[in-house]
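Numbering (my numbering), first residue to last: 150 to 453.
Note sheet for the following structure.
Structure below.
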């Protein structure tokens with residue numbers, strides 16, 4: 150299949166896009182089933198994408214388990230899953246296009262250095278440490294101000310570098326307001342479709358490629374959605390804020406903007422989002438206990 154073959158002549162295209170770095174849990178089941186139901190109601194197509202850019206954490210055994218668990222749930226897709234790890238040249242091409250316009254710069258800061266700089270800035274200003282919509286320390290732009298000769302020297306010496314988007318410069322290219330079409334209420338519920346103003350500056354100079362991975366979630370997801378002809382992005386409300394950055398990248402790269410619907414999350418007893426790292430029971434575990442697909446639908450609050 151070519152990169153643009155999946156546009157399907159105007160038909161609506163949805164996607165479910167888990168990372169194969171662990172087993173699926175009830176939160177994944179909710180998103181997969183909402184996508185499946187929405188695609189069926191729209192007479193559209195649901196695609197499966199495996200977001201496996203992190204080759205250190207992603208495992209083929211988890212990818213196989215995802216396919217098996219989704220099949221057991223009754224979620225189907227018409228073609229082999231798209232694997233992001235097979236499309237690094239496509240993401241590189243997008244990065245090169247941004248770099249050619251001077252919108253990307255190398256960042257040599259370690260995570261510890263970012264934390265320290267953020268804390269120092271907060272202490273100097275007498276304010277709480279600024280954070281991005283994910284709650285991570287906002288990058289203070291340290292390497293954006295490096296002289297070109299210093300950047301060149303460090304790169305020539307082989308200093309590890311990530312790549313960041315110069316957000317202020319990117320926004321200055323086109324001052325037109327950014328927005329996206331949202332079919333959720335912003336808190337995980339349903340609502341009439343409306344336009345939501347996007348403020349990508351809240352992300353600071355976002356990472357577009359990491360030291361150990363030649364792309365980032367934000368870059369690869371917008372490139373993939375366009376390449377697969379996705380018209381409807383249905384995902385958890387925890388990604389609501391990320392859509393502002395995604396809209397900026399879509400505009401910079403000349404990519405179409407899908408409709409968005411950010412749905413509610415499945416929470417644990419402490420009110421936290423279910424997480425593989427916190428030991429949320431997997432679908433594999435629940436299947437072993439004798440639960441049926443109808444039981445899973447009831448557990449995530451969907452009609453059986």
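Each residue gets a CB set at the ideal place from its N, CA and C atoms; glycine is no exception.
Source: prediction; values computed, not measured.
Short Cβ contact (7 Å threshold) for residue i with residue j
i: residue 255; j: residue 300; result: yes
i: residue 183; j: residue 383; result: yes
i: residue 187; j: residue 163; result: yes
i: residue 169; j: residue 215; result: yes
i: residue 240; j: residue 441; result: no
i: residue 388; j: residue 357; result: no
Residue i - containing beta strand (DSSP E), residue span
i: residue 412; result: 408 to 412
i: residue 333; result: 328 to 333
i: residue 198; result: 194 to 199
i: residue 164; result: 162 to 165
Reduced DSSP secondary structure (H/G/I, E/B, other) of residue i
i: residue 234; result: helix
i: residue 176; result: helix
i: residue 211; result: helix
i: residue 451; result: coil
i: residue 362; result: coil
i: residue 348; result: coil
i: residue 263; result: helix
i: residue 216; result: helix
i: residue 311; result: strand
i: residue 384; result: strand
i: residue 356; result: strand
i: residue 250; result: coil
i: residue 319; result: helix
i: residue 431; result: strand
Where the alpha helix (DSSP H) through residue i begins and ends
i: residue 368; result: 366 to 376
i: residue 421; result: Run containing residue 421: none; DSSP gives neither H nor E here.
i: residue 391; result: 391 to 402
Below 8 Å, how does it come out for the segment 164 to 179 and the segment 410 to 429: are there three or more Cβ pairs, yes or no? yes
Does the pairing of the segment 347 to 360 with the segment 370 to 386 give three or more beta-carbon distances under 8 Å? no
Could you tell me whether the segment 380 to 400 touches the segment 257 to 277, using the rule of 3 or more Cβ pairs below 8 Å? no
Ranges of the alpha helix (DSSP H) found wholly within the segment 275 to 307, counting only runs of at least 4: 297 to 305
Indicate whether the contact test is met: 3 or more Cβ pairs, each with one atom in the segment 194 to 203 and one in the segment 214 to 233, closer than 8 Å. yes
Evaluate contact between the segment 339 to 346 and the segment 276 to 283, counting only Cβ atoms and requiring at least three cross-stretch pairs below 8 Å. no
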